[in-house]
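First residue of the sequence shown? That's 1 in the UniProt record's numbering, and the numbers climb one at a time after it. Ideal Cβ positions, reconstructed from N, Cα and C, are used throughout, including at glycine. This one's a predicted model, so the numbers in the text were calculated from it and none came from an experiment. First the structure, in the form of structure tokens, and then the observations on it.
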Amino acid sequence: MSAFWEDPTWILLWPKEVTLEFLIEQCTKRYPNILQRARQEVRHQKATDLLTGDLVGYARWILPPTHFTAKGGSSQWWVLKFRITDMRSIDDINDAVMDRILVQRPYIKLDYLAVHPRNKGKGIATALVASGIRAAKSINVPIVTMSYKAGRGVYTRLGFEEVDRVIQDDSQYGGAGEYGAYFMIYDTNN
């Protein structure tokens, strides 16, 4: 949460009275349930500081239906309760681009990657993504992710290629003017 709170457009998704502390508190309450849902398709990965035991990074991977380890029912996802209604459409274009990519072939989707701001630059995000790449290579399934500007360097250094991008003006919502989403693929055949 803290890492996303540094993205000005992400902050705009929440009403002004919602604080970072409130979001962390609410997510802490929900996370045990989130970790238990859709277990056949979602993989959670964490990075911890070996000296302190502190959680320093997290990644959530979504497997394609062709590579579930167990068969089960449909996924259940937590729906955010605090989205600003007049900003809902900002991700419609991004969702359409991701949907178009996902129907082309099976992908492992890197759905969420976060490193606490005080741990930036220590290689934690790179290590989490590299670990996912090794797993993807072992089953020969490519990876897709939607990145924001701050994360593009990690993906590019690891061999992801940008296949599409959507740049929108978020100034109407109080943003800085540029809301960029970068769609990147790691091909396990390379």
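State the start and end residues of the unbroken beta strand (DSSP E) segment that holds residue i.
i	result
His-10	Reading off the sequence shown, one finds Trp at residue 10, where the question assumed His. Premise fails: Trp-10 lies in the alpha helix (DSSP H), 8–12, not in any beta strand (DSSP E).
Gly-57	55–62
Arg-43	42–48
Val-115	108–115
Less than 8 Å between the CB atoms is what I'm expecting for residue i and residue j, so what's the real figure, rounded?
i	j	result
Gly-57	Ala-125	6 Å
Given a cut-off of 7 Å, decide if residue j and residue i are closer than it, judged by their beta-carbon atoms.
i	j	result
Ile-90	Val-144	no
Asn-119	Thr-188	no
Leu-63	Ile-108	yes
Tyr-182	Arg-152	yes
Val-97	Asp-164	yes
Trp-61	Gly-132	yes
Hey, quick one: how far does the alpha helix (DSSP H) through residue i stretch, first residue to last?
i	result
Asp-92	92–102
Pull up the distance between the alpha-carbon of residue i and that of residue j, whole angstroms please.
i	j	result
His-116	Trp-5	10 Å
residue 191	Gly-123	Residue 191 falls outside the range modelled here, since the chain spans only 1 to 190, and no answer is possible.
Tyr-148	Gln-172	19 Å
Leu-55	Ile-167	32 Å
Pro-8	Ser-138	37 Å
Ala-59	Leu-12	23 Å
Cys-27	Asp-170	26 Å
residue 209	Glu-17	For the chain, the structure presents residues 1 to 190; residue 209 sits outside this window and is missing.
Asn-33	Glu-162	33 Å
Asn-94	Arg-100	10 Å
Met-146	Arg-105	16 Å
Lys-46	Ala-135	15 Å
Arg-30	Val-42	16 Å
Ile-84	Trp-10	For Ile-84, the predicted model reports a pLDDT of 39, less than 50, meaning its position is unreliable and no value from the coordinates is stated.
Thr-48	Tyr-155	21 Å
Pro-15	Pro-142	37 Å
Gly-121	Ala-150	12 Å
For chain C, is any of its Cβ atoms less than 7 Å away from the one on residue i?
i	result
Arg-134	In the displayed structure, chain C is absent; only one protein chain is listed.
Inside the stretch 117–179 only - alpha helix (DSSP H) runs reaching at least 4 residues: 124–139 and 152–157
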